[in-house]
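First the structure, in the form of structure tokens, and then the observations on it.
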Amino acid sequence: MKYPLDEFKNEIILNLKKTLFKYKCEIRLEIPAENMGDFAFPCFSLAPQAKKSPNEISKDAADKIEKSKWIAKAEAKGGYINFFVDDKHLISSTLTSIFKLNEKYGQLQKKDKKAIIEHTSANPNGPLHVGRARNPIIGDTIVRIFKAAGYNVESQFYLDDMGKQVAILVWGINNEDKISKDINNYYPPGSAYVSSKKNNADHQRVVFYQVSSNLMQRDDKVANEIGEIVKRSECGEHEVINLIHKAYSPVLEGIKESLNRINITVDKYVPESNFVKDKSVNSVVEKLKKSKYCSKEEGAFYLDMEPFGIQGRNTKFVFVRKDGTTLYATRDIAYHLWKAKHADLLVNILGEDHKLESKQVEIALNLMGAKIIPKVIFYSFVSLPDGKMSTRRGRVIYLDDLIDECVKRAYDEVEKRRGKELSKKKMREIAETVGIGALRYNIIKVQPEKDIVFKWEEALNFEGNAVPFIQYAHARACGILSKTINKKREFDSNTLKHDSEVKLVKQLAKFPLFIEEASSGYKPHIIASYLYETASKFNQFYRDCPVLSEKNTMLRRSRIAVVDATRIVLKNALQLLGISAPEEM
RNA sequence: GGGCCUGUAGCCUAGACUGGAUAGGGCGACAGCCUCCUAAGCUGUAGAUCGCGGGUUCGAAUCCCGCCAGGUCCGCCA
Numbered sequence: 171m172k173y174p175l176d177e178f179k180n181e182i183i184l185n186l187k188k189t190l191f192k193y194k195c196e197i198r199l200e201i202p203a204e205n206m207g208d209f210a211f212p213c214f215s216l217a218p219q220a221k222k223s224p225n226e227i228s229k230d231a232a233d234k235i236e237k238s239k240w241i242a243k244a245e246a247k248g249g250y251i252n253f254f255v256d257d258k259h260l261i262s263s264t265l266t267s268i269f270k271l272n273e274k275y276g277q278l279q280k281k282d283k284k285a286i287i288e289h290t291s292a293n294p295n296g297p298l299h300v301g302r303a304r305n306p307i308i309g310d311t312i313v314r315i316f317k318a319a320g321y322n323v324e325s326q327f328y329l330d331d332m333g334k335q336v337a338i339l340v341w342g343i344n345n346e347d348k349i350s351k352d353i354n355n356y357y358p359p360g361s362a363y364v365s366s367k368k369n370n371a372d373h374q375r376v377v378f379y380q381v382s383s384n385l386m387q388r389d390d391k392v393a394n395e396i397g398e399i400v401k402r403s404e405c406g407e408h409e410v411i412n413l414i415h416k417a418y419s420p421v422l423e424g425i426k427e428s429l430n431r432i433n434i435t436v437d438k439y440v441p442e443s444n445f446v447k448d449k450s451v452n453s454v455v456e457k458l459k460k461s462k463y464c465s466k467e468e469g470a471f472y473l474d475m476e477p478f479g480i481q482g483r484n485t486k487f488v489f490v491r492k493d494g495t496t497l498y499a500t501r502d503i504a505y506h507l508w509k510a511k512h513a514d515l516l517v518n519i520l521g522e523d524h525k526l527e528s529k530q531v532e533i534a535l536n537l538m539g540a541k542i543i544p545k546v547i548f549y550s551f552v553s554l555p556d557g558k559m560s561t562r563r564g565r566v567i568y569l570d571d572l573i574d575e576c577v578k579r580a581y582d583e584v585e586k587r588r589g590k591e592l593s594k595k596k597m598r599e600i601a602e603t604v605g606i607g608a609l610r611y612n613i614i615k616v617q618p619e620k621d622i623v624f625k626w627e628e629a630l631n632f633e634g635n636a637v638p639f640i641q642y643a644h645a646r647a648c649g650i651l652s653k654t655i656n657k658k659r660e661f662d663s664n665t666l667k668h669d670s671e672v673k674l675v676k677q678l679a680k681f682p683l684f685i686e687e688a689s690s691g692y693k694p695h696i697i698a699s700y701l702y703e704t705a706s707k708f709n710q711f712y713r714d715c716p717v718l719s720e721k722n723t724m725l726r727r728s729r730i731a732v733v734d735a736t737r738i739v740l741k742n743a744l745q746l747l748g749i750s751a752p753e754e755m
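Using my numbering, you'd call the opening residue of the first sequence number 171 and step up by one each time.
What follows is the structure, encoded as structure tokens:
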């Protein structure tokens, strides 16, 4: 797919190559500040070899740039060559491109490459909580962006069915009598964070996890029994693995439901036990044992991580226990080798607490000559104003409760504004769209590596740079279009001269560039900025350019086309964030 | 003790990888805009020693060094 701005860019690059043939340089274009042009080429790096000032270079070069159907003007300013696109040509080709491609507008050329994107991978011992809510949202957005960027994408949830966390749950479910005796010790009256009254299995069963986790710390007998479950599952005992499966399955169903509610489905759930059952983890162990960095200590095997730049109190990466069983990270290596067989690109979304483990896995994969090393997006935790969340301690806000609160709050807003005009059913529909969108947007608009302190007022803020602003722009566009009589799309780019029209259409033309940048740089949050900017420009157009009341027929039709094109772009970009675009709100 | 990440107006945030044109936005505050396509909107004002101190450079929020603060990790846990 070739987009108008690609053609403009290519023409600039060709021109610059001709003009600057004397110099050795890579031509990288920037987008200048508004009104300074559409693309800019900085001349600073050429100054040393040219022995001229950047100002002189840019002036000489700008004079030599030839005008063409794309290039309207090249201007030297402050050491930059600023290129101005031919507005008429850009407008007509952009609108044509949007109408032709419609829901596919923005998507990049198919790449014939498979990407496996692993995200969420939460322990199936309780409901998803807000502390880790960034994971599915970042993950699913990356999935959508990579699909748009032309990859063949599969999303995976690595299901931890062997570890201590899930063993604690299993013990609790099989010792219900002991749990019910202890439950009141666990939940003291008036405890602040015990909130969820939901009937879903994940909310019901997490109590077993919490109480038995507590018991385990006080009672060695319980601890031993749990340890036994872990050990037998790690040895690959089918009976125990089945018992575990029975315990967590309903919890996993609850997690899936929560994900579905925020428009997330995962293609494949991959149980960790697969790699024990199929013995692939054993071949990982055999290979690592042969490494020159491997040593043995009291029967356990470890890799020395120090030569690879790992520092700290302990630089040993143990991959086999003294009892011969493997560890989480060992199995993770087997999982990654398996993934690498089925993909050209691997992406993982992980909490920052996994940085060391991930590095160890990466080093081991390199030692084993793995073809693909995963690209990892780490995110910082969402914490509460008075500290971090913990499922074990029951000090959490569950994702489901946050979703409900967002939707409820959105309903109040709709009712306040449209209560007299709309049916309850319609308002509930809008509230669901706005509430879920607000949640996803608020999380995705911040860079993954920034810490977030969860505050209800901020999570539920519906003004300014928040999703209702964008959805409202889309609804406005739909409102105008629903009132048009002539449904045929016609436009004449000669009539679209108003500054607000030109700026808006230029913004629409940039959409594919943002998909390119978001995917190649693994930066989902820039799609959120793009949407905000687009909606904002549409609102300015709405203020300056009356559509339906415009007397000049051709101009009116052209403006309707601009509105329709904006509608398509907003919808497509919202879709990339997993947010629905309401036609009315 | 050490590693990694973060620190931009009262609050939240973009820009940092790839140094460059007056550091963009939003919330909140203040002042305006509905006889006209949904005011969940638009316009304007005030508000920033870019954590602190050095260095490299013609030029540093951006690169390097040191320090301070917060997060996170340094289990034969996951």
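C-beta atoms are modelled at their ideal positions from N, C-alpha and C, and glycine is treated no differently. Keep in mind it's a predicted model, so treat the numbers as computed, not measured.
- Message: To the nearest angstrom, how far is the alpha carbon of I519 from that of K707?
- Response: Across the structure, I519 and K707 are spaced so that their CA atoms are roughly 33 angstroms apart.
- Query: With G296 and R375 assumed to form a contact (beta carbons below 8 angstroms), what rounded beta-carbon distance in angstroms separates them?
  - Reply: Contact flag correct, Cβ pair sits at about 7 angstroms.
- Query: Under three-state DSSP, which class holds S550?
  - Reply: Judged by DSSP in its simplified three-state form, S550 adopts coil rather than helix or strand.
- Query: At which residue ranges does the region 183–207 contain complete beta strand (DSSP E) runs of 3 or more residues, listed in the order of the chain?
  - Reply: Fully enclosed beta strand (DSSP E) runs of no fewer than 3 residues are not present anywhere in the region 183–207.
- Query: How about E288 and L630: do their beta carbons lie closer than 9 angstroms?
  - Reply: Cβ atoms of E288 and L630: not closer than 9 angstroms.
- Contact set for P441: own chain, Cβ-Cβ below 6 angstroms, skip 5 residues either direction: Once the five neighbours on either side are set aside, the close Cβ partners of P441 are L329 and D331.
- Query: When burial is assigned at 16 or more other CB atoms within 10 Å of the CB, is G207 buried or exposed?
  - Reply: Its Cβ being crowded by 16 or more others within 10 Å, G207 is buried.
- Message: Please report the straight-line C-alpha distance between G482 and M475, rounded to a whole angstrom.
- Response: Computed Cα separation, rounded: 10 angstroms.
- Item | Backbone CA spacing between E532 and I543 [nearest angstrom] | Distance between the alpha carbons of E532 and I543: 7 angstroms.
- Query: Which residues in the same chain have their Cβ closer than 6 angstroms to the Cβ of P224, if we skip the five residues on either side of it in sequence?
  - Reply: Around P224: C213, F214, A217 and G249.
- Take L184 as the anchor and find which of L199, M171 and E591 has the nearest alpha-carbon. It is L199 whose Cα lies nearest to the Cα of L184.
- Item | S325: first and last residue of the uninterrupted beta strand (DSSP E) it sits in | N322 to L329 is the extent of the beta strand (DSSP E) around S325.
- Message: Can you give me the C-alpha to C-alpha distance between V400 and I307, rounded to a whole angstrom?
- Response: Taking the straight line from one Cα to the other gives about 31 angstroms.
- Item | Contact between the region 340–348 and the region 717–724 (3+ Cβ pairs under 8 angstroms) | Under the Cβ criterion (8 angstroms, minimum of three pairs), the region 340–348 does not count as touching the region 717–724.
- Beta-carbon separation (whole angstroms), L115 vs V340, contact threshold 8 angstroms: Since the first residue of the chain shown is 171 and the last is 755, residue 115 is not available in this structure.
- In this structure, does DSSP put K658 in helix, strand or coil? Reduced to three states, the DSSP call for K658 is coil.
- Short check: CB of G320 to CB of L260, under 9 angstroms? Not closer than 9 angstroms, so no.
- Task: Reducing DSSP to helix, strand and coil, say where V381 ends up.
- Result: Helix at V381.
- Message: Can you tell me whether I738 is buried or exposed? The criterion is at least 16 other CB atoms within 10 Å of its CB, across all chains shown.
- Response: Looking at its Cβ environment, which holds 16 or more other Cβ atoms inside 10 Å, I738 is buried.
- Query: Exposed or buried, which one is T435 when buried takes at least 16 other CB atoms within 10 Å?
  - Reply: Counting Cβ neighbours within 10 Å, T435 comes out exposed, since fewer than 16 surround it.
- Message: Please state the DSSP three-state secondary structure of L740.
- Response: Taken through DSSP and simplified to helix, strand or coil, L740 comes out as helix.
- Tell me which same chain residues have a C-beta within less than 7 angstroms of the C-beta of F684, skipping the five on either side of it? I696, I697 and Y700.
- Task: Please list the segments of the alpha helix (DSSP H) lying wholly inside the region 592–616, counting only runs of 4 or more residues, in order along the chain.
- Result: Secondary structure remark: continuous alpha helix (DSSP H) runs of at least 4 residues inside the region 592–616, in chain order: 594–614.
- Go ahead and pull the three-state DSSP assignment for A242. Three-state result, A242: strand.
- Query: For N452, which three-state DSSP category applies?
  - Reply: Here N452 sits in helix by DSSP.
- Query: Taking just the CA atoms, how far does N252 sit from K221?
  - Reply: Those two C-alpha atoms are separated by around 21 angstroms.
- Outcome for Q617 when other beta-carbon atoms lying within 10 angstroms are tallied against a minimum of 16: By the neighbour-count criterion, in which 16 or more other beta carbons inside 10 Å mark a residue as buried, Q617 falls on the exposed side.
- Message: What does the Cβ neighbour count give for A362, buried or exposed, with the cut at 16 atoms within 10 Å?
- Response: The predicted model places A362 with a pLDDT of 41, which falls under 50 and marks its position as unreliable, so this point remains unresolved.
- Residues of its chain near E423, where Cβ-Cβ distance is below 7 angstroms and the 5 sequence neighbours each way are ignored: Taking E423 as the centre and dropping the five residues before and after it, the same chain places the C-beta of A371 closer than 7 angstroms to its C-beta, in chain order.
- Chain-order list of residues whose beta-carbon lies under 7 angstroms from that of Y611 (same chain, five-residue window excluded): Hits under 7 angstroms: A636, V637, A698, L747 and I749.
- Query: If you draw a straight line from the alpha carbon of A135 to that of K274, how long is it in whole angstroms?
  - Reply: Nothing in the structure corresponds to residue 135, since the chain is present only between 171 and 755.
- Query: What residue does the alpha helix (DSSP H) around G482 start on, and which one ends it?
  - Reply: Following the DSSP letters along the chain, one finds G482 in no alpha helix (DSSP H), marked with neither H nor E.
- Beta-carbon proximity list for S262, same chain, < 8 angstroms, skipping 5 on both sides: Counting only Cβ-Cβ distances below 8 angstroms, and skipping sequence neighbours, we find F661 and S663.
- Runs of alpha helix (DSSP H) wholly within the region 217–264 (minimum 4 residues, chain order): Along the length of the region 217–264, whole alpha helix (DSSP H) runs at least 4 residues long occupy 217–220 and 224–234, reported in chain order.
- Message: Out of G605, T561, C195 and A210, which one is the CA nearest neighbour of I432?
- Response: Each of G605, T561, C195 and A210 was checked against the Cα of I432, and the nearest Cα belongs to G605.
- Using three-state DSSP, classify Q578 as helix, strand or coil. For the sequence presented, residue 578 should be read as Lys rather than Gln. Looking at K578 - three-state DSSP - the assignment turns out to be helix.
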